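Residue numbers (this note's numbering), protein chains in the order written: chain A, 0 to 163; chain B, 86 to 222; chain C, 4 to 189.
A short worksheet on the structure shown next.
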Amino acid sequence: MKAGWLPQPFAMPAVPPQAARARSSRRRALLAAAALAWCFGALAQGSGPAWNQLTPQQREALAPLSGQWNTLPADNKRKWLEIAEKYPQLSPEGKAHMQARMAEFARLTPEQRATARENFQRAYTLPRENRESAVQQFQALPEDKKKELAERQRRDAAKAAPAR
Amino acid sequence: MNQDEFAFRVRQALNEGAERLDYKTVLRLEQARAAALARQRRASPATVRLPALQLAPAGAPPLASGGGARWLRGLGWAAPLLALAIGFVAIGHWQKEAEIRRLAALDFAVLLDDGPLEAYADRGFGALLQAERRIEP
Amino acid sequence: MATREELSEFLASVERRAYKQALFAVRDESHALDIVQEAMMKIAENYGDRPAAELPLLFTRILQNAIHDFFRRSKVRSTWVTLFSALTDENEPDADPLDILGPTGDARTESSETRYEREQIVAIIEEEVAKLPARQRQAFLLRYWEDLDTAETAAVMGCSEGSVKTHCSRATSALARALKGRGITL
Numbered sequence: 000m001k002a003g004w005l006p007q008p009f010a011m012p013a014v015p016p017q018a019a020r021a022r023s024s025r026r027r028a029l030l031a032a033a034a035l036a037w038c039f040g041a042l043a044q045g046s047g048p049a050w051n052q053l054t055p056q057q058r059e060a061l062a063p064l065s066g067q068w069n070t071l072p073a074d075n076k077r078k079w080l081e082i083a084e085k086y087p088q089l090s091p092e093g094k095a096h097m098q099a100r101m102a103e104f105a106r107l108t109p110e111q112r113a114t115a116r117e118n119f120q121r122a123y124t125l126p127r128e129n130r131e132s133a134v135q136q137f138q139a140l141p142e143d144k145k146k147e148l149a150e151r152q153r154r155d156a157a158k159a160a161p162a163r
Numbered sequence: 086m087n088q089d090e091f092a093f094r095v096r097q098a099l100n101e102g103a104e105r106l107d108y109k110t111v112l113r114l115e116q117a118r119a120a121a122l123a124r125q126r127r128a129s130p131a132t133v134r135l136p137a138l139q140l141a142p143a144g145a146p147p148l149a150s151g152g153g154a155r156w157l158r159g160l161g162w163a164a165p166l167l168a169l170a171i172g173f174v175a176i177g178h179w180q181k182e183a184e185i186r187r188l189a190a191l192d193f194a195v196l197l198d199d200g201p202l203e204a205y206a207d208r209g210f211g212a213l214l215q216a217e218r219r220i221e222p
Numbered sequence: 004m005a006t007r008e009e010l011s012e013f014l015a016s017v018e019r020r021a022y023k024q025a026l027f028a029v030r031d032e033s034h035a036l037d038i039v040q041e042a043m044m045k046i047a048e049n050y051g052d053r054p055a056a057e058l059p060l061l062f063t064r065i066l067q068n069a070i071h072d073f074f075r076r077s078k079v080r081s082t083w084v085t086l087f088s089a090l091t092d093e094n095e096p097d098a099d100p101l102d103i104l105g106p107t108g109d110a111r112t113e114s115s116e117t118r119y120e121r122e123q124i125v126a127i128i129e130e131e132v133a134k135l136p137a138r139q140r141q142a143f144l145l146r147y148w149e150d151l152d153t154a155e156t157a158a159v160m161g162c163s164e165g166s167v168k169t170h171c172s173r174a175t176s177a178l179a180r181a182l183k184g185r186g187i188t189l
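Set out below in structure tokens:
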């Protein structure tokens with residue numbers, strides 16, 4: 000493309016057509032590579048920030064997890080950091096309450112955590128009195144009865160699954 | 086004093102009363118709020134549009150004119166495929182982020198609650214909760 | 004569409020008032036908490052995707068319904084309370100409110116009360132609000148604490164705007180009378 004009309008400082012030297020095409024297809028390849036790299040970057044997972052890379056506020060919120068933090072998968076870390084963000088808004092009682100349970104919750108197996116989330120949501124459709132009554136009943140049960148109930152629930156859940 | 090003025094002074098008193106809740110009640114309200122937020126109805130990721138990836142409309146000559154990111158046009162024929170790939174990754178990424186946020190809200194509520202974790206983590210407890218449900222009208 | 008932060012902020016701003024209103028109606032702390040819990044759940048589950056500006060009125064409606072449902076479910080509405088409300092609503096003479104409410108701009112400012120005295124006064128006002136007949140209290144709180152206008156209040160209560168005004172003025176004179184009887188001038 001002739002650039003003769005541009006004022007002298009901006010004028011580019013004339014480029015032969017073949018070189019221009021080669022340069023533009025190289026640019027295309029670079030752009031494509033960059034885009035693909037972004038894709039892979041988004042898909043790939045590092046192991047997330049290490050404990051000493053967290054801010055003081057995050058470390059304060061997640062203090063009960065300091066021991067196990069570096070063993071957590073990246074997604075779990077992201078989830079806990081989201082929780083840490085909401086932590087400052089809690090009342091002092093809320094903060095104490097949450098920290099008392101954090102370590103135990105993080106140590107549950109993924110299956111136990113999934114069950115806990117399910118049971119919690121079910122529990123919160125009930126008034127508090129009924130929730131507390133269910134807890135008392137459960138804690139009064141002998142171990143073998145608890146196992147029996149758990150088995151029955153597992154079978155019921157498996158029966159329901161094919162229908163989904 | 087007219088009715089509005091009187092009512093205003095009552096309102097002031099009521100506001101003061103509302104500020105003065107005991108710490109236990111404050112915690113209960115926090116717990117209820119966290120549990121509610123964990124169930125918030127959200128828009129589904131499929132409705133999120135990704136404007137940067139919009140290509141020229143279907144009938145037009147491919148990438149010849151109109152909107153769409155100019156750098157995509159520079160890629161020629163590879164552009165639609167690449168845009169699609171990026172689109173899928175972006176949506177998948179977005180969905181994963183949304184899922185992490187959803188779990189964070191839920192776990193936040195579980196952590197704040199009183200219910201013992203070893204009860205919640207046990208499937209058998211679910212049976213007792215269901216039984217309570219049947220009693221409740 | 005309300006973000007999680009907007010819904011969270013809204014609920015945080017309204018939860019104490021909501022709890023108090025439920026408490027005035029049902030006179031039991033744990034039932035009042037259950038009602039607030041239910042209302043928060045409902046708005047988040049069913050209306051969590053509405054624009055933030057719609058949340059206040061929605062929540063007011065949901066809370067009033069939850070209180071109403073509580074009474075319906077518990078069937079605790081004792082007969083004498085109902086009769087009493089009916090009597091005070093229909094048959095009380097409409098005394099001129101200006102007679103009862105007292106003079107304006109009295110010299111006593113809040114700083115002349117100690118904090119303890121003020122707390123006592125607030126507690127007494129709350130007691131008397133709780134004693135109001137249900138419809139009068141509802142109208143009064145929706146107008147003067149939730150800041151709904153007459154039309155909105157009428158819509159929430161399912162009555163005419165004229166009824167709302169009547170309920171409000173009766174609530175005001177009942178409160179003024181009760182507070183005067185307990186030695187409180189606002």
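Note that the Cβ used here is the ideal one computed from N, Cα and C, for glycine as well.
Keep in mind that this is a model prediction, so the values were computed, not measured.
| Query | Result |
| --- | --- |
| Identify the contact partners of B:L169 in chain A, using a Cβ-Cβ distance below 9 angstroms as the criterion. | Simply none; closest approach about 11 angstroms. |
| Within 10 angstroms of the Cβ of A:L29, are there 16 or more other Cβ atoms? Answer buried if so, exposed if not. | exposed |
| Looking at the structure shown, is B:A206 part of a helix, part of a strand, or coil, going by DSSP? | coil |
| Kindly list the residues whose CB is nearer than 6 angstroms to the CB of C:A174, restricted to its own chain and excluding five residues on each side of it in sequence; keep chain order. | L135, Q139 and F143 |
| Would you tell me roughly how many angstroms separate the C-alpha atoms of B:A170 and A:S23, rounded to the nearest one? | 22 angstroms |
| Would you tell me roughly how many angstroms separate the C-alpha atoms of A:R100 and B:V195, rounded to the nearest one? | 9 angstroms |
| Would the beta-carbon of A:N118 fall within 7 angstroms of that of B:G211? | yes |
| Short check: CB of B:L188 to CB of A:K85, under 7 angstroms? | no |
| Is A:R151 closer than 7 angstroms to B:L214 when the C-beta atoms are compared? | no |
| Between the C-alpha atoms of B:R124 and A:D143, what's the straight-line distance to the nearest angstrom? | 34 angstroms |
| So what does DSSP say about A:Q67, is it helix, strand or coil? | coil |
| Could you check if B:F173 is buried or exposed, using at least 16 other CB atoms within 10 Å of its CB as the buried criterion? | exposed |
| Can a CB atom of chain A be found closer than 7 angstroms to the CB of C:D37? | yes |
| Determine which residues of the region 206-217 of chain B have a Cβ less than 9 angstroms from any Cβ of chain A, and write them out in chain order. | A206, D207, R208, G209, F210, G211, A212, L213, L214, Q215, A216 and E217 |
| Strictly below 9 angstroms CB to CB, what residues from chain B border C:V51? | Residue 51 of chain C is actually Gly in this sequence, not Val. Those within 9 angstroms of C:G51 in chain B are A121, L122, R124, Q125, R126 and R127. |
| Is it right to say A:K76 is buried, meaning 16 or more other beta carbons lie within 10 angstroms of its own, or is it exposed? | buried |
| Just reading off the alpha helix (DSSP H) that A:P109 is part of, what are its end residues? | P109 to A122 |
| With C:S77 as the anchor, note down where its alpha helix (DSSP H) starts and where it stops. | L58 to S77 |
| C:G51: buried (16+ other C-beta within 10 angstroms of its C-beta) or exposed? | buried |
| Can you list, in chain order, the residues of its chain with a C-beta nearer than 6 angstroms to that of A:A102? Leave out the 5 residues immediately preceding and following it. | P63 |
| Establish whether the CB of B:L166 and some CB of chain A are separated by less than 7 angstroms. | no |
| For C:F73, collect the residues of the same chain with a Cβ closer than 7 angstroms to its Cβ; drop the 5 residues on either side in sequence, then sort them by chain order. | V29, H34 and I38 |
| Do the region 140-159 of chain C and the region 168-183 of chain C touch if we need at least three Cβ pairs shorter than 8 angstroms? | yes |
| How should B:D107 be labelled, buried or exposed, when 16 other C-beta atoms within 10 angstroms of its C-beta is the threshold for buried? | exposed |
| For C:F62, which residues in the same chain have their Cβ closer than 7 angstroms to its Cβ, ignoring the five residues on either side in sequence? | V17, A42 and I46 |
| Using the beta-carbon of each residue, which ones in chain B are nearer than 8 angstroms to C:K183? | Near C:K183 there are no residues of chain B at all, since even the closest Cβ is about 11 angstroms away, more than 8 angstroms. |
| In terms of alpha-carbon separation, which member of A:Q57, A:A83, A:A31 and A:T114 lies closest to A:R153? | A:T114 |
| How would you list, in chain order, the residues of chain B whose beta-carbon sits under 7 angstroms from the beta-carbon of A:K85? | F193 |
| Using a Cβ-Cβ cut-off of 7 angstroms, state whether B:A103 counts as contacting chain A. | no |
| Where does C:Q141 sit, in a helix, a strand or coil, going by DSSP? | helix |
| In this structure, does DSSP put A:A10 in helix, strand or coil? | Bear in mind that the predicted position of A:A10 carries a pLDDT of just 49, short of 50, making it too unreliable to give a figure here. |
| For chain A, is any of its Cβ atoms less than 7 angstroms away from the one on B:G172? | no |
| If we count the other Cβ atoms within 10 Å of its Cβ and call it buried at 16 or more, is C:S11 buried or exposed? | buried |
| Kindly list, in the order they appear in chain B, the residues whose Cβ is closer than 7 angstroms to that of A:G93. | L112, E115 and L197 |
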